[in-house]
Amino acid sequence: MKLYLFIAICLLTNTVFAQQPVAINQDYIKLVQQLKNREVYLIDVRTPEEYNEGNLEYSLNIDYNGKDFKKNLSKLDKQKPVYVYCRSGNRSGKALDSLKALGFSKYYNIGGFENLKAEGMPVKKQ
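First residue of the sequence shown? That's 3 in the numbering used here, and the numbers climb one at a time after it.
Put into structure tokens, the structure is as follows:
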């Protein structure tokens, strides 16, 4: 019984502290307006090949696995909020560590491309 209780507590603790993607819902219209006005960044950290298959409108492609990833991030205005996505939310979650290390203060993992597309975010193909 104590073992089951211990396992349940461990699972709950991991769930509570696990990084969850920020959900984009009806506020995406406001986000799109901010993107149009260049008030925020929308960064796609997928490979250029993935990006060219389809991406969110107004996004910048900065490949998480590219050799110049941190160098390219460092060129951005650190005062602006940064929204990051990838295919599933994994690489974008890891990219937040780089943003933090570079001195950004407002950065958000908004998850995976397919989910964002399904929620109505504007999509374009190259």
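Where is the CB? At the ideal position from N, CA and C, for every residue including glycine. It should be emphasised that the depicted structure is a prediction, and the values quoted were computed from it without experimental measurement.
Sub-9 Å separation of residue i and residue j beta-carbons
i, j, result
"Val47", "Ile31", "no"
"Tyr85", "Val34", "no"
"Tyr87", "Leu37", "no"
"Glu52", "Lys127", "no"
Outcome for residue i when other beta-carbon atoms lying within 10 angstroms are tallied against a minimum of 16
i, result
"Arg93", "buried"
"Asn67", "exposed"
"Gly114", "buried"
"Asn39", "exposed"
"Gly122", "exposed"
Three-state secondary structure assigned by DSSP to residue i
i, result
"Leu78", "coil"
"Gly56", "coil"
"Gly95", "helix"
Residues that DSSP places opposite residue i in a beta bridge
i, result
"Asp46", "Asn63, Tyr87"
"Val125", "Leu58"
"Gly68", "Partner(s): none; Gly68 has no beta bridge."
Distance cut-off 8 Å: residue i Cβ against heavy atoms of the ligand SAH
i, result
"Cys88", "Because no ligand of any kind appears in the structure shown, any question about the ligand SAH cannot be addressed here."
| query | Is there contact between the region 104-113 and the region 67-87, where contact requires at least three CB pairs shorter than 8 Å? | reply | yes
| task | Indicate whether the contact test is met: 3 or more Cβ pairs, each with one atom in the region 89-102 and one in the region 55-63, closer than 8 Å. | result | no
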